[in-house]
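Colleague: Just so you know, the sequence shown maps onto residues -20 to -1, 1 to 462 in mature numbering (1 follows the signal peptide of the UniProt record, and there is no 0).
Cβ coordinates follow ideal geometry from the N, Cα and C atoms, glycine included.
One structure, pasted below without further comment.
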Amino acid sequence: MMGYFSILMFSLSFVNLCRTAGSSVPKIGIIGGGIGGSSAAYFLQELFGENNLTTDVFEYNRIGGRLATEVLKGNYYEAGGAIIHPRNKYMSDFVALFDLKKRNGGEPSAFGLYDGEDFVFSESSESWQLWNAVKLLWRYGIDTFKLKSFIDDMLDHFSRIYTLQDEGVSFESVEEMLFAMNKEFVKYLHVSSEDGFRKSGFSERVISELILATLLVNYGQTTDVHKFVGAVSVAGGTPGLWAVEGGNYLVAEKLLEASNATLIKGQVMNVTLLPGGEKFQLFFSSPQQKIESRIYDIVILAAPVAANVKPNIQFSGFPSAFTFPGKYHQTVCTILKGDLNNKFFKLDNYQIQEILSINGSLFFNSIGRIYPVNSKKKCDKCFVWKIFSQMPLQKDDLQKLFVNIEEIKTISWRAYPHYDTKHFSRNFVLYKNLFHINAIEWAASAMEMSAVGAKNVALLAYKNWFNHSSDAYKQTATKEEL
């Protein structure tokens, strides 16, 4: 079988090499049609100009990738990436550009922090903002203000990337990019959230309750993760979060449409560097299970690559093997229609509609009431909930948490990297004209992070094609560091 595949690869290589000889504009293959791949296609056309490139985007499933919706009782709900921060410039720009509409990331509701036995903190009601602020201050002291100030300062520094990218600055590694925002960000990668926030003067209570709660709901992980992703997670708990009317995946669809890229329904199995080292051949399986191939000048990986992520893309013909250390973390999303079991949680009523675990050993990470992606279909009497957990919830588990269950949908994701503090250099450049957007996920996984990574890779590809230097900023950063 392997011999047959090798012969097939050789024959397809010969045919495609003849077909692409003399190409005057770059042929670009993008593997993945999520927000990273679709925004890369858009940024590439913006840089190269219309008709000055040919772009194919390979996606076996639906456009949007991990931005997915699930239908329940005739309504669609966000099952993947659900919320967007008000300071996420690229996502906001895309929504405005395509005349999409924003909707609230969630209806106002009170939340509670649950340790597996009791609520250590709970809001009284979303309408009692002043009283809730007093309760927060009473339990967590001035750290509540310090935490907001810390996140605001971090976002100010993060926002430097937009100016740098507008100026055409690009980075070959994630570390270089973070250094350009704030040299402290690189240090955040090598210290746990627990140790890092403690060194920043935050109390054990804030770390083990507020910060842990955001990490469990946003990343399914504890304060063992590095401090940068911990800070991004806390930012995801701030007011003003929003989503796209109709579903966040619409942004990816509109970007792909605007890029004039060709969508190829196929699953890429192999990336081969052809003799001469100037072109790449992508072998992919079509929906009809037919093996096909195409040749490209530039290839962009816009999908997770790790040992426990399928499909596992193979790389052939390169001088040395690529290594992708680490693994992706499994998160299970359960969406159901039913009523919260107030007796289990010792609640008197539906006052609390968002339950955040502060116990990493609990069988669920969070429970929250959710609403349809189409706000016009909002139903105040429709109680639909999203539960995040490490493992699929059993029937007995769900019957502890809910009563009057009518319908259940379960989605298991390799949703984001499993974060730790081990130092692995994450590079956007794997080989000349071979790039990896998802390297940025190892700093933090979010829609805006993917868009930032896509813009960076588009800049790198553009400069490499025209032999422009891409290391001018690296030299400046090195001098500053010294």
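1) Note down the Cα distance separating GLU272 from ARG394, rounded to an integer number of angstroms.
2) Please state if the CB of GLU387 and the CB of ASN240 are separated by a distance shorter than 9 Å.
3) In whole angstroms, give me the CA-to-CA distance for PHE263 and GLY297.
4) How is ILE141 classed by DSSP in three states: helix, strand or coil?
5) Considering only the beta carbon of each residue, do ALA438 and LEU27 sit closer than 9 Å?
6) Any idea which residues DSSP pairs HIS416 with across the strands?
7) Identify whether VAL186 lies in helix, strand or coil by the three-state DSSP scheme.
8) Just to confirm my understanding: we take GLY348, look at its own chain, exclude 5 residues before and 5 after, and list those with CB closer than 6 Å. What are they?
9) Quick check on this structure: which residue in PHE446, ALA441, GLU428, ASN436 has the alpha carbon closest to the alpha carbon of THR68?
10) Which class does ASN447 belong to by DSSP, given the choice of helix, strand or coil?
11) GLY210 and LEU195 look like a contact to me (Cβ under 8 Å); what is the Cβ gap, rounded to whole Å?
12) Give me the DSSP bridge partner(s) of SER173.
13) Helix or strand or just coil, what does DSSP make of ILE122?
14) Could you name the residues of the same chain whose beta carbon sits closer than 6 Å to that of GLN340, not counting the 5 residues immediately before and after it, in chain order?
15) Identify the continuous beta strand (DSSP E) that holds TYR229 and give its terminal residues.
16) Please name the residue in LYS412, TYR40, PRO372 whose C-alpha comes closest to that of LEU254.
17) Buried or exposed: where does ARG140 fall if 16 or more other Cβ atoms within 10 Å of its Cβ makes it buried?
18) What residue range is occupied by the uninterrupted alpha helix (DSSP H) comprising ASN322?
19) Taking SER266 as the reference, give the member of ILE275, LEU144, GLY257, MET249 with the closest Cα.
20) Spatial neighbours of SER183 within its chain, please: CB distance less than 8 Å, with the 5 preceding and 5 following residues excluded, ordered by chain position.
21) From LYS81, ARG274, ASN447, LYS128, pick the residue whose C-alpha is nearest to that of ARG64; which is it?
22) According to DSSP, simplified to helix, strand and coil, what is GLN310?
23) Starting from the Cα of TYR70, find the closest Cα among GLU421, ALA62, TYR22, PHE91 and give me that residue.
24) Terminal residues of the continuous alpha helix (DSSP H) containing GLU155?
25) In terms of residues, what are the limits of the beta strand (DSSP E) holding ILE367?
26) Rounded to whole angstroms, what's the CA-CA distance from LYS380 to ILE187? Just pull it up for me.
27) How would you write the range of the alpha helix (DSSP H) that ILE15 sits in, first residue to last?
28) From ALA441, SER430, SER425, pick the residue whose C-alpha is nearest to that of PHE208; which is it?
29) Exposed or buried, GLU147, counting other C-beta atoms within 10 Å across all chains shown (16 or more means buried)?
30) Apart from the five residues just before and just after ALA287, which ones in its own chain have a Cβ nearer than 8 Å to its Cβ?
31) Quick check on this structure: which residue in PHE344, THR390, ASN321 has the alpha carbon closest to the alpha carbon of PHE363?
32) Residue range of the beta strand (DSSP E) that VAL409 falls in?
33) When DSSP labels each residue in this structure, what does PHE164 get in the three-state scheme?
34) Taking 6 Å as the limit between beta carbons, can you name the residues of its chain near VAL205, skipping five residues before and five after?
35) Just to confirm, are ASN418 and PRO299 a CB contact at a threshold of 9 Å?
36) Please report how far the alpha carbon of MET371 lies from the alpha carbon of PHE324, in whole angstroms.
Modeller: Quick look at the numbers:
1) Position 292 of the sequence shown, counting from 1, holds the residue named residue 272. Position 414 of the sequence shown, counting from 1, holds the residue named residue 394. Cα-Cα distance, rounded: 27 Å.
2) Numbered from 1 along the sequence shown, position 260 holds the residue referred to as residue 240. Numbered from 1 along the sequence shown, position 407 holds the residue referred to as residue 387. No, these two residues do not count as a Cβ contact at 9 Å.
3) Residue numbering aside, residue 263 sits at position 283 when the sequence shown is read from its first letter. Residue numbering aside, residue 297 sits at position 317 when the sequence shown is read from its first letter. It is roughly 13 Å from the alpha-carbon of PHE263 to the alpha-carbon of GLY297.
4) Locating residue 141 in the sequence shown gives position 161, where the first residue counts as 1. Helix, per DSSP.
5) As a position in the sequence shown, residue 438 is number 458, starting the count at 1. As a position in the sequence shown, residue 27 is number 47, starting the count at 1. Remark: C-beta atoms of ALA438 and LEU27 approach each other more closely than 9 Å.
6) Counted from its first residue, the sequence shown places residue 416 at position 436. Beta-bridge pairing links HIS416 to LEU281.
7) Working through the sequence shown from its first residue, we reach residue 186 at position 206. Here VAL186 carries a helix assignment [DSSP, helix/strand/coil].
8) Taking the first residue of the sequence shown as position 1, residue 348 is located at position 368. If you ignore the 5 residues before and after GLY348, its C-beta comes within less than 6 Å of the C-beta of GLU334, LYS366, all in its own chain and listed in chain order.
9) To locate residue 68, count along the sequence shown from 1; it is residue 88. Position check: residue 68 holds Asn in this sequence, whereas Thr was assumed. Taking only the C-alpha atoms, the option nearest ASN68 is GLU428.
10) Here residue 447 corresponds to residue number 467 of the sequence shown, with the count starting at 1. Residue state, collapsed to three classes: coil.
11) As a first step, residue 210 is located in the sequence shown; it is residue number 230 there, counting from the start. As a first step, residue 195 is located in the sequence shown; it is residue number 215 there, counting from the start. Right, the Cβ-Cβ distance comes to about 6 Å (below 8 Å), so this counts as a contact.
12) Taking the sequence shown and counting its residues from 1, one reaches residue 173 at position 193. Looking at the DSSP assignment, SER173 forms no beta bridge with any residue, so it has no partner.
13) Residue mapping note: residue 122 aligns to position 142 of the sequence shown, counting from 1. Correct three-state label for ILE122: coil.
14) Stepping through the sequence shown from its first residue, residue 340 is reached at position 360. In the sequence on display, residue 340 carries Gly and not Gln. Excluding sequence neighbours, GLY340 sits near THR202.
15) The count along the sequence shown starts at 1 and reaches residue 229 at position 249. In this chain, TYR229 is not harboured by any beta strand (DSSP E); it is covered by the alpha helix (DSSP H) spanning 229 to 239.
16) Start at 1 with the first residue of the sequence shown, and residue 254 comes out as number 274. Selected option, being the one with the closest Cα: LYS412.
17) Counting from one through the sequence shown, the residue named residue 140 turns up at place 160. ARG140 is exposed by the Cβ-count criterion.
18) Mapped onto the sequence shown, residue 322 falls at position 342. Bounds of the alpha helix (DSSP H) holding ASN322 are 322 to 325.
19) Against the sequence shown, residue 266 aligns to sequence position 286. The closest CA to that of SER266, considering only ILE275, LEU144, GLY257, MET249, is found on MET249.
20) Your numbering for residue 183 matches position 203 in the sequence shown. Once the five neighbours on either side are set aside, the close Cβ partners of SER183 are TYR120, GLY121, ASP123.
21) Position 84 of the sequence shown, counting from 1, holds the residue named residue 64. Reading off the sequence shown, one finds Ile at residue 64, where the question assumed Arg. For the options LYS81, ARG274, ASN447, LYS128, the alpha carbon positioned closest to that of ILE64 is the one of LYS81.
22) Your numbering for residue 310 matches position 330 in the sequence shown. GLN310 carries a strand assignment under DSSP once its states are collapsed to helix, strand and coil.
23) Reading the sequence shown from its first residue, position 90 is the one you call residue 70. Comparing Cα-Cα distances from TYR70 to each of GLU421, ALA62, TYR22, PHE91, the minimum goes to TYR22.
24) Sequence index remark: in the sequence shown, residue 155 carries index 175 (1-based). Its alpha helix (DSSP H) spans residues 154 to 161.
25) Along the sequence shown, read from residue 1 onward, the residue named residue 367 stands at position 387. That run of the beta strand (DSSP E) goes 364 to 369.
26) As a first step, residue 380 is located in the sequence shown; it is residue number 400 there, counting from the start. As a first step, residue 187 is located in the sequence shown; it is residue number 207 there, counting from the start. Between LYS380 and ILE187, the C-alpha separation is close to 28 Å.
27) Counting from one through the sequence shown, the residue named residue 15 turns up at place 35. Where ILE15 is concerned, the enclosing alpha helix (DSSP H) stretches over 15 to 28.
28) Walking along the sequence shown from the start, residue 208 turns up at place 228. Ranked by Cα distance from PHE208, the first of ALA441, SER430, SER425 is SER425.
29) The residue you call residue 147 lines up with position 167 of the sequence shown. Exposed.
30) Against the sequence shown, residue 287 aligns to sequence position 307. Residues PHE304, LYS307 of the same chain have their beta carbon placed closer than 8 Å to that of ALA287, with the five preceding and five following residues left out of the count.
31) What you label residue 363 is simply residue 383 of the sequence shown in a count that begins at 1. Nearest Cα to PHE363 within the set PHE344, THR390, ASN321: ASN321.
32) Sequence index remark: in the sequence shown, residue 409 carries index 429 (1-based). Unbroken beta strand (DSSP E) run through VAL409: 409 to 411.
33) Along the sequence shown, one-based indexing puts residue 164 at 184. According to the sequence as given, residue 164 is Glu; it is not Phe. Residue state for GLU164 is assigned as helix, using DSSP reduced to three classes.
34) Numbered from its first residue, the sequence shown carries residue 205 at position 225. If we look at VAL205 and ignore the five residues flanking it on each side, its Cβ neighbours are SER173, TYR399.
35) To locate residue 418, count along the sequence shown from 1; it is residue 438. To locate residue 299, count along the sequence shown from 1; it is residue 319. For the 9 Å CB-CB criterion, ASN418 and PRO299 do not form a contact.
36) Start at 1 with the first residue of the sequence shown, and residue 371 comes out as number 391. Start at 1 with the first residue of the sequence shown, and residue 324 comes out as number 344. Distance between the alpha carbons of MET371 and PHE324: 20 Å.
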